[in-house]
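**Student:** Handing you this structure, nothing more for now.
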Amino acid sequence: MLNKLSETLRKYANGWLILAALAVEVIFFTQIAPRMQALIPAGPLDLKFFYTPDQAYTLVESYGEAGRAAYRVFDLTADIIHPIAYTLFFGLLLSVLFQRGFSSGSIVQKFNAVPAVSWLFDMFENIGVVTMLSIYPSTPAALAWVTAVCTSIKWIFFLITIALTLIGVVKAAVNRFKIQA
4 MLNKLSETLR KYANGWLILA ALAVEVIFFT QIAPRMQALI PAGPLDLKFF
54 YTPDQAYTLV ESYGEAGRAA YRVFDLTADI IHPIAYTLFF GLLLSVLFQR
104 GFSSGSIVQK FNAVPAVSWL FDMFENIGVV TMLSIYPSTP AALAWVTAVC
154 TSIKWIFFLI TIALTLIGVV KAAVNRFKIQ A
């Protein structure tokens, strides 16, 4: 499955699609995220690297009924679109960089699919967060633990994506951004 995704990303990797995904990200971070932050000043669980069930449910309680409702809507709308956009942006960007930094037969070419792992755990995280928000004042610790682990895995793979991007930029620059055979 990841092989097929990697091939598809390489096939469609071009500047226009990368810019379109980047535009969605810019809109998200300049327009949508600040509005969400205003509704839940304590900050969303999504932005934490890790949390315990007590920390999670303390935050969920602090949001109040209106904040929990707004956060639910956010996670079921904008926080579905945003991960798709960042996955496409980084997947396509890595494809372009790796085509210029590594030979076409290199295993590194397949690492352009790494952002999809972050996306997958972001979706699991959203399911967990929406469930916690929806069933509050019930506070099942197992749900919070699973959600926290998904959050951490999402961030770990996002950091790996950033590292791969930096490696791709350096290798492509060394090769003067010429496509490698």
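Residue numbers for the sequence shown follow the numbering used here, so the first one is 4 and each next one is one higher. Ideal Cβ placement from N, Cα and C applies to all residues, glycine included. Being a predicted model, the structure only gives us computed values, none of them experimental.
Which ranges does the alpha helix (DSSP H) cover as unbroken runs of at least 4 residues, wholly within the stretch 51-87, from first to last along the chain?
**Tutor:** Counting only runs of 4 or more, we get 56-65 and 67-79.
**Student:** Sorted by chain position, which residues of the same chain lie with C-beta nearer than 6 Å to W158's C-beta, five sequence neighbours on each side aside?
**Tutor:** Cβ within range, chain order: F52.
**Student:** Under three-state DSSP, which class holds N115?
**Tutor:** Residue state, collapsed to three classes: helix.
**Student:** Which same chain residues end up closer than 6 Å to K113 when comparing Cβ atoms and leaving out the 5 residues on each side of it in sequence?
**Tutor:** Closer than 6 Å at Cβ, skipping near neighbours: S9.
**Student:** Out of I156, P56, I43 and W122, state which residue places its alpha-carbon closest to the alpha-carbon of Y66.
**Tutor:** Of the candidates I156, P56, I43 and W122, the one whose C-alpha sits nearest the C-alpha of Y66 is I43.
**Student:** Going straight from the alpha carbon of A176 to that of T164, what length do you get?
**Tutor:** The alpha-carbon atoms of A176 and T164 are separated by roughly 18 Å.
**Student:** At what residues does the alpha helix (DSSP H) containing L8 begin and finish?
**Tutor:** Here the alpha helix (DSSP H) through L8 covers L5 to Y15.
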